[in-house]
Each structure stands twice: as C-alpha cells, then as structure tokens.
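Down below is the structure, laid out as structure tokens.
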Amino acid sequence: DCQDIANKGARKSGLYFIKPQKAKQSFLVYCEIDSYGNGWTVLQRRLDGSEDFKKNWVQYKEGFGHLSPDDTTEFWLGNEKIHLITTQSTLPYTLRIELEDWSGK
C-alpha cells in the first residue's frame, strides 16, 4: 500500500503501482504522501461532480473514473482493490476522511 511506498523513500504524492499480497498483479493507485512521511492510499476522490457516482454494484466492485498524476480527476478505486489492500496484513489500518464543500471549505 502507499505506506510501503513512503517507507521506501517516496516523498511526493502521485501515482504508484502497488501489489497487495493476495493480488494476482499490481495495480495503479494515487498515494498521498504527507509531510510526516505517511503514505495514504486514496480510495475515492470527488472534486467537481464531473464523474457520475450513481453506479451499479459491478462498477463499484471494479472501480470507475480515472486516476491522474496531478490529482485532478474523480474516481472510486474499487471494492475489490480496497479489499485486497485492507486484508493483506494483521496490522490495523487507519481510515482518514477529509470533507470539503464545493468551494473548498
């Protein structure tokens, strides 16, 4: 996950490939690296309503939207990928939720 990316020396937020233990292949995620060296795997990004989030179960399972290196697009990572990430370790995970209104407040 993105904490592993940060632990390996990454200091810049952006797109990285990760391969959770039970994943058949690696996949692309957006990692937010904070000023303390913590790596956060971004599961969802909503910015301006440009991506329709009214989707069916299969779409939520597989993920939708597009990841961008400059973090300017909306997406849902996908339930299957989230499951692979969060079940790979006996260590507890921390969920960080950041909410803003459409004006950034």
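So for the sequence shown, this note's numbering puts the first residue at 294; every next one is plus one.
Heads up, the beta-carbon is just placed ideally off N, CA and C, and yes, glycines get one too.
Which of the three DSSP states is assigned to residue i in this structure?
| i | result |
| --- | --- |
| residue 325 | strand |
| residue 308 | strand |
| residue 395 | coil |
| residue 337 | strand |
Please look up how many angstroms separate the CB atoms of residue i and residue j, rounded, as I've assumed it's under 8 Å.
| i | j | result |
| --- | --- | --- |
| residue 325 | residue 343 | That pair is no contact at about 20 Å. |
| residue 314 | residue 381 | 4 Å |
Decide if residue i is buried, meaning its Cβ has at least 16 other Cβ atoms within 10 Å, or exposed.
| i | result |
| --- | --- |
| residue 394 | exposed |
| residue 332 | buried |
| residue 322 | buried |
| residue 388 | exposed |
| residue 384 | exposed |
| residue 318 | exposed |
| residue 392 | exposed |
| residue 390 | exposed |
| residue 345 | exposed |
| residue 294 | buried |
When you compare the segment 347–358 with the segment 370–383, are there three or more beta-carbon pairs, one atom per stretch, that lie closer than 8 Å? Yes, the segment 347–358 is in contact with the segment 370–383.
Answer yes if the segment 336–350 comes into contact with the segment 300–318, meaning at least three C-beta pairs across the two stretches below 8 Å, and no otherwise. Note that the segment 300–318 does not touch the segment 336–350; fewer than 3 beta-carbon pairs, one per stretch, sit closer than 8 Å.
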